């Protein structure tokens, strides 16, 4: 308790509070810009930390990370262009909510859910961090494959009321998985579907794919329409952030609790990060809902689940980073780099030797950062949403330019821009043919995780596929994933048989 | 009709890709893509059969936007023009640079999208290009395409 109070006295000093403010503010802005990812924003901040103390430096980066995790939801809801991969799931129901004139409600839901997820995660983790690190060690490749499969099973759950829609979703997801296959295979070093091109050796970066499929395709859809140069949508023009009412929080308490728990749990696993947590939380919410077919049409709980989970996971990803020195995701990989620059050696020792110097201030600042994010989010959304007052001809052109420049900014490589464009055209074609895009994104993002875990599991078990079912952790998760795939299918088939 | 063409194209592509997997020298590199390709072939075959039956029985009309001036004010050919503009922009910024070509592109694209007020076209193009260059090159220290020759010289004066 004494050590905690010492840490509190350090963290609430004005200079630390200012650093947290700067971190969160820059994070929200960066997260809201499509093409500016969380690792990029963190990388840009690292040079500024050279003059800071190690504690201050890490607090700044952590605050920025929380800000970007939330900030991605703003552009996901308003422009259907998730600013960060973590917010890809928020598009599914967030953007339809905005189209119905409920943009303010969607943004308010995202802020409240993110704050609850982030704050609860900081509290829980301050109490159980060292123990969670030990549990994370028990996760091996079969467990990671089971989790990825569970995430992929969201495709058949969400918003599909007919057999043809279910099959289209699986087809779309498989196309995404196939896109993720291109390039050098990590385990064997074999180049696949590169057609001799050196640019394809590293495969397709998921950021241009997400930008192309979601944002660019929408620009093309909007370009088709002829008429008065009006606002994007009359319904979307008035955006006042409407915070979730207390009764809504009570109504969605189980969704919030479950999503936060998914975020806490999955965030502690090395290599998973906020994105997979958001997808699994969304999937579980759909699966346990009384009206799963309505997801994807603009349900508030479709925003609550992923936003709670991704911010809960954002704090939790520090656990493997701090206890094991293994980054929880790509953003914490950048932060781990900052640790090393400042001479901080990750390991269990951080928790046992003088935690008041570093670990406790990190969690306390996380709590404060999430609180600041709440107020800043309300303030900033009002200004970011003002872009909806711009004429659609101007807004669509600006979005197109952000897509191009944002894709280029990733690796300073024009190839990523071409990938973004091709994905945009492909996304347009799929939308015209009523194929859903969300499963494809799911496949692109989770494909590499799933394949790597699958291949390594098969190698370790001498090509025994039962390894996924016989381990105590992967077994139940795999069975749950298979049921998640099959139950919606069987529900639809049963409905069809009854109607026939 | 379009969905049938898409299904057939996906099946044909996947058959070709399946053949390519036989050239991967490691079996561990073949398993995963083969599973995915088989899933795509199966799902698209099912969709092909369903769509075929539906078209024959005229039970289900696909909600595909086509050139329909009377109902939707939607012109699919405008999509091709939009793609052409974008391709042109991506190709030419490598030679003309972001600073020089972006305002020109913005004027043409916004005009294509329906903005007719000339003064707004010019002001928005210039202001946004400046914002883009400052935000990405100065604040985020991302070097945008400078172009070649004289355009590169002009761009270097700015970033």
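Chains as they are written, first to last, in the numbering used here: chain A, 1 to 500; chain B, 1 to 159.
Positions of the beta carbon are idealized from the N, C-alpha and C atoms, including for glycine.
Here the structure is a predicted model, which is why all the values come from computation and not from measurement.
- A straight-line Cα-Cα distance of about 6 Å links residue 464 of chain A and residue 458 of chain A.
- With fewer than 16 other Cβ atoms inside 10 Å of its own Cβ, residue 148 of chain B counts as exposed.
- Shown here, residue 168 of chain A sits in a helix according to DSSP, grouped into three states.
- Between residue 401 of chain A and chain B, the shortest Cβ-Cβ separation is below 9 Å.
- Taking residue 152 of chain B as the centre and dropping the five residues before and after it, the same chain places the C-beta of 146 closer than 6 Å to its C-beta, in chain order.
- Across the stretch 369-398 of chain A, CB contacts with chain B closer than 8 Å involve 391, 392, 393, 394, 396, 397 and 398, in sequence order along the chain.
- At a cut-off of 9 Å between C-beta atoms, residue 188 of chain A counts as an interface residue with respect to chain B.
- Within the model, the alpha-carbon separation for residue 365 of chain A versus residue 59 of chain A is close to 7 Å.
- Proximity of residue 148 of chain B to chain A, defined by a Cβ-Cβ separation below 9 Å, is not satisfied.
- Residue 261 of chain A and residue 37 of chain B have their C-alpha atoms spaced approximately 35 Å apart.
- When 9 Å is used as the limit between beta carbons, residue 76 of chain B is near these residues of chain A: 224 and 432, in chain order.
- Interface residue (Cβ-Cβ distance to chain A less than 9 Å): residue 120 of chain B is classified as such.
- Residue 183 of chain A and residue 201 of chain A have their C-alpha atoms some 4 Å from each other.
- Not a single C-beta of chain A is nearer than 9 Å to the C-beta of residue 153 of chain B.
- The C-alpha of residue 16 of chain B lies about 12 Å from the C-alpha of residue 33 of chain B.
- Per DSSP, the unbroken alpha helix (DSSP H) holding residue 89 of chain B starts and ends at 76-96.
- Counting along the chain, residue 85 of chain A sits inside no alpha helix (DSSP H), nor does DSSP assign it H or E at all.
- For residue 112 of chain A, the CB contacts under 8 Å within the same chain, skipping 5 residues up- and downstream, are 243, 244, 249 and 374 in chain order.
- By the neighbour-count definition (other C-beta atoms within 10 Å, threshold 16), residue 116 of chain B is an exposed residue.
- For residue 39 of chain A, the enclosing alpha helix (DSSP H) begins and ends at 38-45.
- In the assembly as shown, residue 157 of chain B is an exposed residue. Its beta-carbon has fewer than 16 other beta-carbons within 10 Å.
- The residue among A:483, A:498, A:278 and A:331 with its C-alpha nearest the C-alpha of residue 62 of chain A is A:331.
- Between residue 316 of chain A and residue 282 of chain A, the CB-CB gap reaches or exceeds 9 Å.
- Around the beta carbon of residue 143 of chain B, a 10 Å sphere encloses fewer than 16 other beta carbons of the protein chains shown; the residue is thus reported as exposed.
- Counting C-beta atoms within 10 angstroms of its own C-beta, residue 53 of chain B has fewer than 16 neighbours from the protein chains shown and is therefore classed as exposed.
- Proximity to residue 55 of chain B across B:2, B:134 and B:154 peaks at B:2, based on C-alpha coordinates.
- For residue 304 of chain A, the uninterrupted alpha helix (DSSP H) segment begins and ends at 301-316.
- In the structure shown, the three-state DSSP call for residue 196 of chain A is coil.
- Scanning chain A for C-beta atoms nearer than 9 Å to the C-beta of residue 92 of chain B yields nothing, as the closest lies near 11 Å away.
- For residue 101 of chain B, the CB contacts under 6 Å within the same chain, skipping 5 residues up- and downstream, are 92 and 93 in chain order.
- Around the beta carbon of residue 169 of chain A, a 10 Å sphere encloses 16 or more other beta carbons of the protein chains shown; the residue is thus reported as buried.
- In summary, the residues of the stretch 416-446 of chain A whose CB is separated from some CB of chain B by less than 7 Å are 417, 418, 421, 425, 428, 432, 433 and 434, in the order they occur in the chain.
- A Cβ-Cβ distance of about 7 Å is found for the pair residue 311 of chain A and residue 263 of chain A, placing them in contact under the 8 Å criterion.
- If you draw a straight line from the Cα of residue 11 of chain B to the Cα of residue 293 of chain A, it is about 29 Å long.
- When DSSP states are grouped into helix, strand and coil, residue 146 of chain B belongs to the coil group.
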